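Only one structure is covered here, and it is reproduced in the block below.
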Amino acid sequence: MATTSAVSTDVLTDVVRERARAEAREVVAMLDYRDAELERIAASDESPMRRHVERGSVALTIGEASGMSEGQVQYRLSFAGTVRDQSPTTWDAFLDGRVDLARVREIGSAIDQLKRADSVHRLDKRVVGYAETHTVAELRTWLKAFVRRVEADLAVERAEDERTKRYVSVKHGDDSMGWLSAYLPSHELAAIEDRYRKAARRITDPEDERTIAQREADLLVAWCTESDASTSAIDANIAVTVGADVLAGFTPGFAESADGRWGVPAAWIAAVVGSGSTFWHRIVVDPVDDDVLAHEYIGRLAPDILKIALQFLHGTCQGPGCMVPAKFCDYDHRIPFPEGPTTGDNLGPLCRRHHGYKGHGLLHWTTRAQPRG
1 MATTSAVSTD VLTDVVRERA RAEAREVVAM LDYRDAELER IAASDESPMR
51 RHVERGSVAL TIGEASGMSE GQVQYRLSFA GTVRDQSPTT WDAFLDGRVD
101 LARVREIGSA IDQLKRADSV HRLDKRVVGY AETHTVAELR TWLKAFVRRV
151 EADLAVERAE DERTKRYVSV KHGDDSMGWL SAYLPSHELA AIEDRYRKAA
201 RRITDPEDER TIAQREADLL VAWCTESDAS TSAIDANIAV TVGADVLAGF
251 TPGFAESADG RWGVPAAWIA AVVGSGSTFW HRIVVDPVDD DVLAHEYIGR
301 LAPDILKIAL QFLHGTCQGP GCMVPAKFCD YDHRIPFPEG PTTGDNLGPL
351 CRRHHGYKGH GLLHWTTRAQ PRG
């Protein structure tokens, strides 16, 4: 027979809030001490060098009293001071225990990225309601999206600058192992991750005793070292959302992943969709209320759901008189990609022979859809 705990969740909530209030009291004491010391030092008759040394030692004194390093104290004073001075709503929630120090840290970091006072004001009005009801990780993702959206023009500039710093590095470690690291645009990392994860899980050999992690590592090595790596990789299938105003070019903005973990300038996605190596689902949303306006396939290869629809629509190869079942055919663009879109009205099944004829200009197919009743 199940028993009910004598401790209610209300008690746990009270404990958590009290802990947050204790963190706030500690931070307030640190800030008050720093501010008082800086005011005293500024008003003293000491030499400029002496005042400089005393200002530098404030964090050391606080660290000795709190058991923290100078670096920890300086970091805490930095983000806490930012939130206290620029986000009063967040600061009041912190003092009341409704948000804790970890959430204050994330909010302070976001404020440091914002460059316009109006943006900070908008964040102050909205962030506490979200922070109170979500985890720190969720809040971090929400804040990244907020910064991208509210100052999209500046965020695009930062992204373009960071993109120039991309690199790959190798570091050899002990026991004949090492690390391969890469600093790359997020959409490219997403495509790489999607590929190796799916490919590793599609290996069904019962005699393969490797773990999933080992398979992923082995696939990555194979793709990086084999001459036919481009044909070894499977197609990634990734969805991004983009505002209709951004898509139309009226305003700068980002294409964001479905899970919100990353976002890149919308132009970056447009630059890679023609490669055919990755299939992108573009979800167009209303810039005001985020309602979904359209779902578009942007890529050369048809996704599985579109292939199935084409099989039911056409039944067989679209070559004259050909009866090869559509499920055994290639899916060809009537108007070649990228001028022609990857859509149902521009795609049709062609067997390998007729596909080759069309590629050499010897076949111009028209729809021969099967009658449905």
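Residue numbers (the numbering used here): 1 to 373.
Note that beta-carbon positions come from the ideal geometry of N, C-alpha and C, so glycine has one too.
Remember, it's a predicted structure, so these values are computed and weren't measured experimentally.
Residue i and residue j look like a contact to me (Cβ under 8 Å); what is the Cβ gap, rounded to whole Å?
i, j, result
"PHE79", "ARG105", "5 Å"
"ARG55", "LEU38", "6 Å"
"PHE337", "ARG300", "5 Å"
Indicate whether residue i and residue j have their beta-carbon atoms separated by less than 7 Å.
i, j, result
"GLY97", "ALA20", "yes"
"TRP262", "SER186", "yes"
"SER317", "HIS364", "One detail in the question is off: residue 317 reads as Cys in this sequence, not Ser. No. Outside cutoff."
"HIS333", "GLY344", "no"
"ARG148", "PHE254", "yes"
"THR342", "ALA302", "yes"
"GLY260", "HIS314", "no"
"TYR196", "TYR183", "no"
"LEU77", "ARG50", "no"
"CYS329", "LEU306", "no"
"ALA117", "PRO252", "no"
Got a sec, what are the start and stop residues for the beta strand (DSSP E) residue i sits in?
i, result
"PHE254", "254–257"
"ASP96", "Run containing ASP96: none; DSSP gives neither H nor E here."
"HIS172", "167–172"
"ASP332", "330–333"
"VAL264", "263–265"
Whose C-beta lies closer than 6 Å to the C-beta of residue i among residues of the same chain, with five residues either side of it excluded?
i, result
"VAL73", "ALA59, ILE62, GLY63"
"ALA229", "Annotation note: pLDDT 46 at ALA229 (below 50); position unreliable, no value reported."
"TRP179", "LYS171"
"TRP142", "TYR130"
"GLU70", "ALA59, LEU60, GLY63"
Leaving out the 5 sequence neighbours to the left and right, which residues in its chain are closer than 8 Å to residue i when beta-carbon positions are compared?
i, result
"ILE111", "THR82, VAL83, GLN86, SER87, VAL120, LEU123"
"ARG140", "GLU106"
"GLU18", "GLY97"
"TYR357", "GLY319, LEU363"
"MET30", "ILE62, SER66, VAL73, ARG76, LEU77, ALA80"
Starting from residue i, trace the alpha helix (DSSP H) both ways and give me its first and last residue.
i, result
"LEU301", "Taken as a continuous stretch (DSSP letters only), LEU301 belongs to no alpha helix (DSSP H), as it is neither H nor E."
"ASP35", "9–43"
"PRO338", "No alpha helix (DSSP H) contains PRO338, which DSSP labels as neither H nor E."
"ALA159", "152–163"
"ALA199", "186–201"
"SER181", "Here SER181 belongs to no alpha helix (DSSP H); instead the beta strand (DSSP E) covers 178–183."
"GLY359", "352–359"
"VAL120", "117–131"
"ALA65", "48–66"
"ARG210", "ARG210 -> no alpha helix (DSSP H), and no H or E assigned at all."
"ALA326", "Here ALA326 belongs to no alpha helix (DSSP H), and DSSP marks it neither H nor E."
"LEU247", "244–247"
"LEU77", "70–86"
Considering only residues of the same chain and omitting the five flanking positions on each side of residue i, which have a CB-CB separation below 7 Å?
i, result
"PRO325", "THR316"
"ALA102", "VAL136"
"ALA200", "ILE212, ARG215, GLU216, LEU219"
"VAL264", "ALA159, PRO185, SER186, HIS187, PHE254, ALA255"
"GLU23", "ASP100, LEU101"
Is the number of C-beta pairs between the segment 243–258 and the segment 126–138 that are closer than 8 Å three or more?
As far as the Cβ criterion goes, the segment 243–258 does not touch the segment 126–138, which means the pair count is below three.
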